[in-house]
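J.: Residue 288 in the numbering used here sits at position 288 of the sequence shown; the count goes up by one each step and never skips.
Idealized CB from N, CA, C, for every residue including glycine.
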Amino acid sequence: MLSTHSIFAKTPLFLAPMDDITDVAFRTICKELGADVTISEFVASDALIRDVEKTKRKLKSSPIENFFGIQLFGNNKHSLCEAAKIIETYHPDFIDVNWGCPAKKIAGKGSGSGMLQNIPLLIDITKDIVKTVNTPVSVKTRIGYDTADYSIVDLCERLQDIGIQAITLHGRTKKQMFKGNADWTLIGQVKANPRIHIPIIGNGDITSAEKALEMKLKHNVDGIMIGRAAIGNPWIFKACKSLLHHEESFTEPSPTDRIDVCIKHFLLSIEHKGNVSGLLEMRKHYKAYLKGLAHIKSERIKLLTLNNVNEVLEMLNRIKSYYA
Ligand SMILES: Cc1cc2nc3c(=O)[nH]c(=O)nc-3n(C[C@H](O)[C@H](O)[C@H](O)COP(=O)(O)O)c2cc1C
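1) Where do the ends of the beta strand (DSSP E) carrying R57 lie?
2) Under 8 Å Cβ to Cβ from Y286, same chain only, skipping five residues before and after it: list those, please.
3) So, is S249 buried or exposed, given that buried needs 16 or more other C-beta atoms within 10 angstroms?
4) What residues come near ligand 1, if near means a beta carbon less than 6 Å from any of its heavy atoms?
5) Can you check which of these residues, I86, R283, I39 and R158, is closest to E66 by C-alpha distance?
6) Could you check what DSSP says for M315 in three-state terms: helix, strand or coil?
7) Specify, as a first and last residue, the run of the alpha helix (DSSP H) that A209 falls within.
8) On the DSSP letters alone, give me the boundaries of the alpha helix (DSSP H) that H265 sits inside.
9) In this structure, does DSSP put M1 in helix, strand or coil?
10) What's the gap between the Cα of P102 and the Cα of K174?
11) How about F68 and P92: are their beta carbons less than 7 Å apart?
12) Between the C-alpha atoms of A288 and R27, what's the straight-line distance to the nearest angstrom?
13) Just to confirm my understanding: we take A107, look at its own chain, exclude 5 residues before and 5 after, and list those with CB closer than 7 Å. What are they?
14) Give me the residue from T135, P136, W99 and D128 with the minimum Cα distance to N118.
15) Given this structure, state the Cα-to-Cα distance separating D128 from D96, to the nearest angstrom.
16) According to DSSP, simplified to helix, strand and coil, what is L306?
17) Ends of the alpha helix (DSSP H) at T132?
18) Would you list, in sequence order, the uninterrupted alpha helix (DSSP H) runs of no fewer than 4 residues that lie entirely inside the stretch 19–83?
19) Can you grab the Cα-Cα spacing for the pair V190 / K140, in whole Å?
20) Are the beta-carbon atoms of L80 and F237 separated by less than 7 Å?
21) Using 8 Å for Cβ pairs, my map puts S269 next to E252. What's the rounded Cβ distance?
22) Buried or exposed: which applies to H245, given that a residue is buried once 16 or more other Cβ atoms fall within 10 Å of its Cβ?
23) Quick one: using the 10 Å Cβ neighbour count with 16 as the cut-off for buried, is L121 buried or exposed?
24) Hey, quick one: how far does the beta strand (DSSP E) through R142 stretch, first residue to last?
25) Since Q165 and P136 should fall inside the 8 Å C-beta cutoff, what is the C-beta to C-beta distance between them, to a whole number of angstroms?
26) Could you tell me which residues DSSP pairs with A166 in its beta bridges?
27) Can you tell me whether V276 is buried or exposed, with buried defined as 16 or more other CB within 10 angstroms of its CB?
28) For I224, which option in K85, I162, D36 and R283 has the closest C-alpha, if you only look at C-alpha atoms?
29) Under 7 Å, do D340 and G171 count as touching if we go by C-beta distance?
30) Where do the ends of the beta strand (DSSP E) carrying D96 lie?
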């Protein structure tokens, strides 16, 4: 049972699954800096049962990920159940079903938050996934498709009743995409429902340790999930731990700390994806790691043009030398 797992003894910090961002390299960095739970990028059930190599690579984790979930998306019961069976052979701690992605290419086909328009089917498919595997199954979703179209409190009860062991709620509707502010009020209502006994993880717009503490105190969630704010700032997990759990005091990373972690992330990316993909993938992260560092705009732009591992390392070390 996830609810009785020791990970929930203290409000755990989840790194949000983010397609094309939360690969093994980035998850390892976040884990080292305090994330308690990591989740794979979402994995397409259809591609997994077709044995697509690129999809299968997403199932791999690092030994440091000692509480790890694999996230699955799709719109077809048979393929989701078959894919869940494949995922189970990788022994994740839990399988997370994505009923929250609002992207047109996903939701438009009835996967992700597209399924929020057909709650009976969502329940039917989720129930069968739970029955198919022995691994705990969780759900990540949004507070609604559009405003007030159904009760998220009822939906969460129904998910719990069919055996879902934890629910992550992003405080936006499908229609909102990523606009506006995340509203945690409904997340708090789900948590306050006396019938709910599974962990409820709150997600959306946690940008600092102070915000994490505020949402924890206001809405009493069992876990906090952080996504975008961890990009270029994986230290946010340490900062949260310091404030929420009074673990070791937190000091902001210096510019050289930032560049050292960026270099480590780069090397992990190369190790896991090879020189070409590893180098290209890292281009999404430089801007965020180097944010706020003065007088390096030309170097930062140059970094995006380099195609050679040693040249990238030289450039990062050169930037670091400005701050040493
Ligand atoms: C680039 C990107 C990719 C994402 N990919 C996924 C995904 O694969 N699965 C998922 O459940 N959510 C995905 N999300 C949503 C996040 O997990 C999270 O719910 C959302 O970003 C809100 O949290 P935040 O405000 O802390 O970023 C993605 C978000 C972003 C920005």
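T.: On the basis of the supplied data:
1) In the sequence shown, the residue the question calls residue 57 occupies position 57. Careful: R57 lies outside any beta strand (DSSP E), inside the alpha helix (DSSP H) at E53 to R57.
2) On the sequence shown, position 286 is the one that residue 286 refers to. For Y286, where only same-chain residues beyond five positions count, the Cβ hits under 8 Å are C262, R300, L303 and L304.
3) Here residue 249 is taken as the residue at index 249 of the sequence shown, counted from 1. S249 is exposed by the Cβ-count criterion.
4) A16, P17, M18, D19, I21, E41, F42, Q71, N98, G100, C101, K140, H170, N203, G204, D205, I206, I226, G227, R228 and A229
5) On the sequence shown, residue 66 is found 66 positions in, with the first residue counted as 1. Reading the sequence as shown, one finds Asn at residue 66 and not Glu. Nearest C-alpha to N66: I39.
6) Residue 315 sits at position 315 when you count from the first residue of the sequence shown. Correct three-state label for M315: helix.
7) Counting from one through the sequence shown, the residue named residue 209 turns up at place 209. Counting along the chain, the alpha helix (DSSP H) containing A209 begins and ends at A209 to H219.
8) Start at 1 with the first residue of the sequence shown, and residue 265 comes out as number 265. Where H265 is concerned, the enclosing alpha helix (DSSP H) stretches over P255 to M282.
9) For the purposes of this step, residue 1 is taken as the residue at position 1 of the sequence shown. M1: coil per DSSP, three-state reduction.
10) Working through the sequence shown from its first residue, we reach residue 102 at position 102. Working through the sequence shown from its first residue, we reach residue 174 at position 174. The alpha-carbon atoms of P102 and K174 are separated by roughly 5 Å.
11) As a position in the sequence shown, residue 68 is number 68, starting the count at 1. As a position in the sequence shown, residue 92 is number 92, starting the count at 1. A contact, by the Cβ cut-off of 7 Å.
12) Indexing the sequence shown from 1 puts residue 288 at position 288. Indexing the sequence shown from 1 puts residue 27 at position 27. If I take the Cα positions, the gap works out to 16 Å.
13) Sequence index remark: in the sequence shown, residue 107 carries index 107 (1-based). For A107, where only same-chain residues beyond five positions count, the Cβ hits under 7 Å are C101, S113, G114 and K174.
14) In the sequence shown, the residue the question calls residue 118 occupies position 118. Among T135, P136, W99 and D128, the Cα nearest to that of N118 belongs to W99.
15) For the purposes of this step, residue 128 is taken as the residue at position 128 of the sequence shown. For the purposes of this step, residue 96 is taken as the residue at position 96 of the sequence shown. For D128 and D96, the distance between alpha carbons rounds to 14 Å.
16) Residue 306 sits at position 306 when you count from the first residue of the sequence shown. Looking at L306 - three-state DSSP - the assignment turns out to be coil, as it is neither helix nor strand.
17) Taking the first residue of the sequence shown as 1, we reach residue 132 at position 132. Taken as a continuous stretch (DSSP letters only), the alpha helix (DSSP H) holding T132 covers I119 to T132.
18) 24–32, 45–49 and 53–57
19) Here residue 190 refers to the residue found at position 190 of the sequence shown. Here residue 140 refers to the residue found at position 140 of the sequence shown. So the two alpha carbons sit approximately 14 Å from each other.
20) Counting from 1 along the sequence shown, the entry for residue 80 is found at position 80. Counting from 1 along the sequence shown, the entry for residue 237 is found at position 237. No, the pair does not count as a contact, with Cβ atoms beyond the cut-off.
21) Indexing the sequence shown from 1 puts residue 269 at position 269. Indexing the sequence shown from 1 puts residue 252 at position 252. No, S269 and E252 are not in contact; Cβ-Cβ is about 24 Å, not under 8 Å.
22) Numbered from its first residue, the sequence shown carries residue 245 at position 245. With fewer than 16 other beta carbons inside 10 angstroms of its own, H245 counts as exposed.
23) Numbered from its first residue, the sequence shown carries residue 121 at position 121. Exposed, by the Cβ-count rule.
24) On the sequence shown, position 142 is the one that residue 142 refers to. That run of the beta strand (DSSP E) goes V137 to G144.
25) To locate residue 165, count along the sequence shown from 1; it is residue 165. To locate residue 136, count along the sequence shown from 1; it is residue 136. Contact flag correct, Cβ pair sits at about 4 Å.
26) In the sequence shown, counting from the first residue as 1, residue 166 sits at position 166. Answer by DSSP bridge pairing, in chain order: S138.
27) The residue given as residue 276 occupies position 276 in the sequence shown. The residue in question, V276, is exposed, as its Cβ has fewer than 16 Cβ neighbours within 10 Å.
28) Here the question's residue 224 lines up with position 224 in the sequence shown. The candidate whose alpha carbon is nearest that of I224 is D36.
29) The question about residue 340 has no answer, for the chain in this structure spans 1 to 324.
30) Sequence index remark: in the sequence shown, residue 96 carries index 96 (1-based). That run of the beta strand (DSSP E) goes F94 to W99.
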